[in-house]
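Oh and the sequence shown: position 35 is 162 in the numbering used here, straight run, nothing missing.
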Amino acid sequence: MIYLVEKKKSDEKRLEDIQVVKEFLNVFPKDLPGLPPIRQVEFQINLIPGTTPVARAPYRLAPSEMQELSN
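Now the structure itself:
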């Protein structure tokens, strides 16, 4: 026997198609209406012209470790 299965393609994503939702189905409510609308996010960091990035360690080092890094 040969079965032909036709899969409809949809432009709209279903919640079950998202990997995180698949892994944690018990966390999400069953009556979730769908995905939120796609929103444009505007984010920027205003830089001051003529300045240079701060070259510092992201954590404190002992003076001997700091000297070793600067060599």
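All C-beta atoms, glycine included, are put in the ideal place defined by N, C-alpha and C.
Bear in mind that the values here come from a model prediction, so they are computed numbers and not experimental data.
Nearest C-alpha to Ala182 among Val148, Pro190, Leu196 and Ile172: Leu196. One thing to note: Leu174 has its Cβ no nearer than 8 Å to the Cβ of Lys140. In the structure shown, Gln171 falls within a coil segment according to DSSP collapsed to helix, strand and coil. Look at Leu196 here: in three-state DSSP terms it is helix. Annotated three-state conformation of Lys149 is helix, per DSSP.
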